[in-house]
Structures are given as structure tokens and as C-alpha cells.
Amino acid sequence: MKIRQSLCTGCRRREVFFFRPYSGQRLCKKCFVESVEAKVRATIAKYNMLDFNDKIAVAISGGKDSLSMLHILAKMELARPKASLTAVTIDEGIKGYRDEALEIAAAECQKLGIEHHVFSFRRLFGFTLDELAEKAWKTDEKLTTCSYCGILRRRALNVAASEVGARKIATAHTLDDEVQTVLMNVFRGDLARLAKEKPVTDDVHPKLAQKVKPFCEIPEKESALYAYVKKIEFQASPCPYSSGALRNDFREIVNSMEEKHAGTKFTIFNTLERLRPALYAVVDTSQYADCVECGEPSSGGLCKVCELLKKMR
Ligand code: SF4
Ligand code: ZN
Ligand code: ZN
3 MKIRQSLCTG CRRREVFFFR PYSGQRLCKK CFVESVEAKV RATIAKYNML
53 DFNDKIAVAI SGGKDSLSML HILAKMELAR PKASLTAVTI DEGIKGYRDE
103 ALEIAAAECQ KLGIEHHVFS FRRLFGFTLD ELAEKAWKTD EKLTTCSYCG
153 ILRRRALNVA ASEVGARKIA TAHTLDDEVQ TVLMNVFRGD LARLAKEKPV
203 TDDVHPKLAQ KVKPFCEIPE KESALYAYVK KIEFQASPCP YSSGALRNDF
253 REIVNSMEEK HAGTKFTIFN TLERLRPALY AVVDTSQYAD CVECGEPSSG
303 GLCKVCELLK KMR
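Just so we're aligned, residue 3 is where the sequence shown starts under the numbering used here, counting upward by one.
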């Protein structure tokens, strides 16, 4: 006879496969999968992320988080026939890394019957990330590769959403990503970003698609496990430029705190959610204008993308 301890705390029938330290749940595979899907549905409802007839651009990189999210959204879409999903992938032009991810992303979309479009830095900006990294290395450019990759990717995603006719972009930022970002913004003293980087971004300009983050309450570990249980293929190797990213330091700090004090990630996330209204009262919420060069939304005269490309040229 099996001892009680080894039975799932959800169904009380099947064997335990996963222990969730922050809630004390011991779940079988089936209950684990259902709990992740239920959490994503609850997050979407809590933050009012999606309307029943939304056209959504789902940003997929080919990694575990974005492909797990695509599977869950695809499953939900079946129940919302008026909604539609289009997958978009940004090809930064990172040799030997992005090529493999693109193949995996395309294959997953084909399996799910979801339209997939690729937008490359080369087509949108005239350079691949590899070329920009080399140029920056030869000049006195102070930004890291990840910083200008981020600036260009934000723009590329917005262009992608506009080209596929979507007003919303779903990104697979996990709870871990969100908490790392909170701490990075605290360490930089960037109150504006602390306030504005949230589960659903503000609708600030007609040319800017809103970003929604259905995985913002899913720990990265659980997103990976979901992909594993559902046998989703994904690219596991890291980006060659990621080793110097500041984010890695915060990942280590947060993971070691979570290890010692289960629930730390949710506490940080929820604390910021409660603080946000107070933050909005002290940050600059001035509206966007159009960039004098490219006409895209910008907080200054020249947008960050034009500023960066000018330097690189
Ligand atoms: Fe871009 Fe850095 Fe991410 Fe690589 S790790 S894709 S360079 S942001
Ligand atoms: Zn169970
Ligand atoms: Zn511009």
C-alpha cells in the first residue's frame, strides 16, 4: 500500500511528481500541468489582459517559456473562436544561435496550426546584431550588446505586431524575469521603469501595441517543467551574448533567496503591484511624441533606435 505522503495533494489518486515549496503542494504530472494552465488563465483574467475578440501577436523566441506560453494560449484560443493568435519571432542575427531557435519555433507553430512570421534586424534596421556588436566593440560605445539588442527588439516587436494587424503582443516574461527586472530598476534608481514595466503595459500611443505577460506569475522552473511534461521541443542553449548580462547577477541573488525563503519571488512581485499606484504619483507620465527622424513613438526628439543607428553608421 502506498503511503499517503506520496499521493498528489490535488487529485489524491496519482503519484507525486513535483513539490511546490512556496505553496506546499505535491502534485502529480496531470495536476501540475492543470495548475500551470489554471494559473495562466487566472493571471489573464486578473489583469484583464485579453478581450474575447483580440488579435494577438505572440512573441516566440524558440525557448521553453515562449513555446510553453504559445501552447497554453493556443489551447485557450480554441474556446474563444473570435480571438486569433499569430506567432512572431525576431531574428536578431546571432549566428549559430538564432538559426536553430527559428527552426524550432517554426516547427512548433506548424504542429499547432498557428501562422508564424519572422522579422529580422537586418531587414528592419540594416544590420544584424553580430554586425552591431562588432561595430560597437571597435567604437567607444558604452552600452552592452544586450542593451541595444533590447532597444531594437522592442521596436521590432512593435513593427511585427503592426504588420500582422495585432494591437497586443503577448510576451513570455516569467515571474523570475519580472522580479529580476524589479530589482534591476531598484538598483538603477529608475522609478519610471519600476512603475511602467508591469503585466499589461499602458496604452500610451496609437502606434504602440500593448504588451501583455500571461506568464508573469509562473516561476521559470515551472515553465521549463511544463515544456518537459508536454514534450515541447525548445532551444536550450543560451545566447552567446548573455554571459555579460547584469540580469545574471540578479538571477543568482533571487534564486538563492528563494531557495532559503520559499515564496520570495511572489513577495517581491506582489509588493511592487501594491506599490505601483504610489509610484505613478511621483514619475513622469508625459505623453509620447513622434521621432523627428523615423516618425515612431519617442519620449524625446530622436527615438532611441535612431540615436543608436546613427552612432553605428
Ligand atoms: Fe539579445 Fe542579450 Fe537576449 Fe542575446 S541575451 S537575445 S543579446 S538581450
Ligand atoms: Zn493529481
Ligand atoms: Zn526614430
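Here a beta-carbon is modelled for each residue, glycine too, at the ideal position from N, C-alpha and C. The structure presented is a predicted model; accordingly, all values stated were derived computationally and were not measured.
Check for me: the alpha helix (DSSP H) holding residue i runs from which residue to which?
{"i": "T273", "result": "T266 to Y282"}
{"i": "L196", "result": "L193 to K198"}
{"i": "E309", "result": "K306 to M314"}
Nearest to residue i by CA position, among the options, is which residue?
{"i": "K200", "options": "K312, A103, V90 and T176", "result": "T176"}
{"i": "T146", "options": "F123, S245, F217 and D67", "result": "S245"}
{"i": "P208", "options": "E39, L104, A291 and V307", "result": "A291"}
{"i": "N192", "options": "K48, N55, V285 and K170", "result": "Here residue 192 is Asp; the residue named in the question, Asn, does not match the sequence. Closest by alpha carbon: V285."}
{"i": "L196", "options": "R253, L281 and N250", "result": "L281"}
{"i": "L131", "options": "A109, I116 and G152", "result": "G152"}
{"i": "L73", "options": "A172, M186, V184 and D204", "result": "Residue identity check: residue 73 is His in the sequence provided, not Leu. Minimum Cα distance to H73 is reached at A172."}
{"i": "T287", "options": "R156, D204, D56 and E165", "result": "D204"}
{"i": "L274", "options": "C308, N187 and V38", "result": "N187"}
Looking at the secondary structure, which residues open and close the beta strand (DSSP E) in which residue i lies?
{"i": "A174", "result": "Per DSSP, A174 belongs to no beta strand (DSSP E) and is neither H nor E."}
{"i": "R22", "result": "F20 to R22"}
{"i": "R28", "result": "Q27 to L29"}
Return the chain-ordered list of same chain residues with a C-beta closer than 8 Å to the C-beta of residue i, the five sequence neighbours on each side being excluded.
{"i": "Q289", "result": "V206 and H207"}
{"i": "E133", "result": "G95"}
{"i": "I5", "result": "Unreliable positioning characterises I5 in this predicted model, as indicated by a pLDDT of 46, which lies under 50. A coordinate reading is not provided."}
{"i": "I270", "result": "V181, V184, L185 and V256"}
I think residue i touches residue j, with their Cβ atoms under 8 Å apart; what is that distance to the nearest whole Å?
{"i": "K233", "j": "V35", "result": "Between V35 and K233 the Cβ distance is about 11 Å, and since that is not below 8 Å, they are no contact."}
{"i": "P216", "j": "D178", "result": "Wrong, their Cβ atoms sit about 15 Å apart, outside the cutoff."}
{"i": "T88", "j": "I62", "result": "Actually they are not in contact, since the Cβ atoms of T88 and I62 sit about 10 Å apart, beyond 8 Å."}
{"i": "F236", "j": "L114", "result": "Wrong, their Cβ atoms sit about 14 Å apart, outside the cutoff."}
{"i": "D93", "j": "F129", "result": "No, D93 and F129 are not in contact; Cβ-Cβ is about 12 Å, not under 8 Å."}
Which residues in the same chain as residue i place their Cβ atom closer than 6 Å to its Cβ, once the five residues preceding and following it in sequence are excluded?
{"i": "C10", "result": "R16, V18, L29, C30 and C33"}
{"i": "C111", "result": "A89 and H118"}
{"i": "L227", "result": "none"}
Given residue i, which residues of its chain have a CB within under 7 Å of its CB, disregarding the five upstream and five downstream residues?
{"i": "M3", "result": "Residue placement at M3 cannot be trusted, given a pLDDT of 46 that sits under 50; what the coordinates show is reported in the next sentence. Closer than 7 Å at Cβ, skipping near neighbours: no residue."}
Worksheet item: Quick one: complete alpha helix (DSSP H) runs, 4+ long, within the region 90-164?
Response: 100-114, 123-127 and 131-140
Worksheet entry | Whole alpha helix (DSSP H) elements within the region 41-90, 4-residue minimum | 66-79
Discussion item. So within the region 205-258, which uninterrupted alpha helix (DSSP H) runs reach at least 4 residues, ignoring any that extend past its ends?
Written reply: 222-231
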